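Asks:
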Amino acid sequence: MARATRQLAENGTPHYESERQKRAKQRAPTMIQPPLTPMIDVTFQLLIFFLLACNFRMVEGQIQAKLPDISGPEVAPPFLLEPIRVSLAPAGTEGEGVLIEIGGVRTTRDPLELHAVLKQLRDRYQSDEVPVIIQPAAEVRWAHVVDAFNQAVRARFKNVALAPAET
Amino acid sequence: MPKSVVYGRSRARIGFNMTAMIDCTFQLIIFFMLTTQMASAEFPPMKLPDPHYSVAAEMKENKAVINVMPYSDREIQANPSKLGLARVYRVKKSSVLRADLERLVAELRRLKIESPDPDNFAVEVRADQRVHYDQIQPVLQALQEARLQNMRISALRGRKEE
């Protein structure tokens with residue numbers, strides 16, 4: 113059995129320490145550790161800031177468009193090809209919908225149908241140079257104007273224009 | 073008598089293992105730092121048009137952005153007649169009122185002259201999807217008067233169709 117050594121504390125209380133305890137004390141390496149608490153605090157502050165401030169933006173892009181040059185003669189030259197006119201009128205109680213009229217003959221509310229018709233017309237004319245003129249009414253929402261423009265570009269027409277609002 | 077090394081008689085030390093949690097926290101911070109896009113004056117948050125099968129693509133070029141700012145939802149709630157109206161046109165940091173078309177033209181001309189390549193200078197029209205077309209028309213008119221033909225229309229990209 114290991115022999116315990118008797119030691120007296122400052123107040124005179126005897127303390128016994130075995131040989132094993134002594135050896136264990138000698139073996140245990142001193143652990144040096146930097147104070148992590150402030151770093152973790154700051155890290156959490158940053159995390160909370162980013163969680164609250166983060167606002168995921170929708171991925172946006174741009175559709176190319178060309179505006180007519182007004183520096184030329186005051187009277188615009190006539191179109192070489194008869195343009196396809198797409199009229200847009202507001203629909204619904206608050207104008208949230210749209211009524212699309214293509215070439216004065218066909219009416220739809222679906223932009224995808226506009227695309228299908230424009231595609232048919234492009235195939236019929238066998239040309240992408242035919243001008244497409246989008247003529248929205250004053251109170252048509254910009255979303256519908258852009259959608260119509262998008263469908264014309266998607267149907268691979270090169271010459272798509274926005275006409276002044278119908279009053 | 074030999075003593076077990078494994079089952080020593082020293083006191084069990086109870087403590088949290090923080091390493092895994094700190095690792096996760098750092099991963100989250102790095103994710104948010106990379107994905108967060110701070111609000112900028114050039115791209116204020118607004119509901120952009122979201123066309124079906126959008127052909128919109130990212131174009132990083134020599135351009136300026138005109139933001140057609142709508143009234144806030146709170147203002148529209150208080151006065152529904154403001155729905156569809158543009159509150160102000162914002163070019164860079166300056167705001168131009170709807171009635172002040174001349175100032176908008178002057179601003180656009182200045183930006184074109186100051187651009188590194190004035191011939192290929194483009195203007196991006198960024199408008200809220202609920203704004204009426206007659207509110208955008210003055211911008212198109214101003215672009216024409218400033219002899220700017222290259223226009224870009226801002227829209228959301230590549231919506232998946234149902």
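Chains as they are written, first to last, in the working numbering: chain A, 113 to 279; chain B, 73 to 234.
Even for Gly, the Cβ is constructed at its ideal location relative to N, Cα and C.
As the structure is a computational prediction, the values presented were derived from the model and not from experiment.
Going by beta carbon distance, what residues of the same chain come within less than 8 Å of residue 126 of chain A, once the five residues before and after it are set aside?
Replies: By one-based count along the first sequence, residue 126 of chain A stands at place 14. If we look at residue 126 of chain A and ignore the five residues flanking it on each side, its Cβ neighbours are 118, 119, 120.
Asks: Roughly how many angstroms lie between the CA atoms of residue 215 of chain A and residue 163 of chain A, to the nearest whole one?
Replies: For the purposes of this step, residue 215 of chain A is identified with residue 103 of the first sequence, where counting begins at 1. For the purposes of this step, residue 163 of chain A is identified with residue 51 of the first sequence, where counting begins at 1. Cα to Cα, the separation comes out at about 51 Å.
Asks: Check the DSSP bridge columns for residue 154 of chain B and list the partner residues they point to.
Replies: Counted from its first residue, the second sequence places residue 154 of chain B at position 82. Answer by DSSP bridge pairing: none, since residue 154 of chain B is not bridged.
Asks: Between residue 150 of chain B and chain A, is there a C-beta pair that is closer than 8 Å?
Replies: Sequence index remark: in the second sequence, residue 150 of chain B carries index 78 (1-based). No, its Cβ sits nowhere closer than 8 Å to a Cβ of chain A.
Asks: What did DSSP end up calling residue 174 of chain A once you bin it into helix, strand or coil?
Replies: To locate residue 174 of chain A, count along the first sequence from 1; it is residue 62. Looking at residue 174 of chain A - three-state DSSP - the assignment turns out to be strand.
Asks: Considering Cα atoms alone, identify which of B:115, B:220, B:94, B:133 is closest to residue 164 of chain B.
Replies: Taking the first residue of the second sequence as 1, we reach residue 164 of chain B at position 92. Comparing Cα positions, the closest option is B:115.
Asks: Going along the chain, which unbroken runs of the alpha helix (DSSP H) with 4 or more residues stay wholly within the segment 152-191 of chain B?
Replies: Complete alpha helix (DSSP H) runs here, min 4: 173-186.
Asks: Below 8 Å on the Cβ atoms is my contact criterion, and I expect residue 195 of chain A with residue 257 of chain A to pass it. Report the Cβ-Cβ distance as a whole number of Å.
Replies: As a first step, residue 195 of chain A is located in the first sequence; it is residue number 83 there, counting from the start. As a first step, residue 257 of chain A is located in the first sequence; it is residue number 145 there, counting from the start. About 17 Å; that fails the 8 Å criterion.
Asks: Given a cut-off of 8 Å on the beta-carbon distance, is the pair residue 246 of chain A and residue 274 of chain A in contact?
Replies: Translated into positions along the first sequence, residue 246 of chain A becomes position 134. Translated into positions along the first sequence, residue 274 of chain A becomes position 162. Closer than 8 Å, so yes.
Asks: What three-state label does DSSP hand residue 196 of chain B in the structure shown?
Replies: Indexing the second sequence from 1 puts residue 196 of chain B at position 124. Residue 196 of chain B: strand per DSSP, three-state reduction.
Asks: Per DSSP, what kind of secondary structure is residue 127 of chain A in: helix, strand or coil?
Replies: What you label residue 127 of chain A is simply residue 15 of the first sequence in a count that begins at 1. Note: residue 127 of chain A maps to strand in three-state DSSP.
Asks: Excluding the 5 residues preceding and the 5 following residue 183 of chain B in the sequence, name in chain order all residues of the same chain whose CB lies nearer than 6 Å to its CB.
Replies: Mapped onto the second sequence, residue 183 of chain B falls at position 111. These residues qualify, in order along the chain: 136.
Asks: DSSP three-state call for residue 108 of chain B: helix, strand or coil?
Replies: Residue mapping note: residue 108 of chain B aligns to position 36 of the second sequence, counting from 1. Three-state result, residue 108 of chain B: coil.
Asks: Specify, as a first and last residue, the run of the alpha helix (DSSP H) that residue 155 of chain A falls within.
Replies: For the purposes of this step, residue 155 of chain A is identified with residue 43 of the first sequence, where counting begins at 1. Segment 149-165, the alpha helix (DSSP H) holding residue 155 of chain A.
Asks: List the DSSP bridge partners of residue 226 of chain B.
Replies: As a working note, residue 226 of chain B is residue 154 in the second sequence. According to DSSP, residue 226 of chain B bridges with A:174.
Asks: Can you name the start and end residues of the beta strand (DSSP E) that residue 135 of chain B belongs to?
Replies: Taking the second sequence and counting its residues from 1, the one referred to as residue 135 of chain B is at position 63. 135-142 is the extent of the beta strand (DSSP E) around residue 135 of chain B.
Asks: Between A:234, A:203, A:151, which lies nearest to residue 252 of chain A when the distance is taken from Cα to Cα?
Replies: Numbered from 1 along the first sequence, position 140 holds the residue referred to as residue 252 of chain A. Residue A:203 is the option with its Cα nearest to residue 252 of chain A.
Asks: Tell me the residue span of the alpha helix (DSSP H) that contains residue 274 of chain A.
Replies: As a working note, residue 274 of chain A is residue 162 in the first sequence. Where residue 274 of chain A is concerned, there is no enclosing alpha helix (DSSP H), although the beta strand (DSSP E) it sits in stretches over 272-274.
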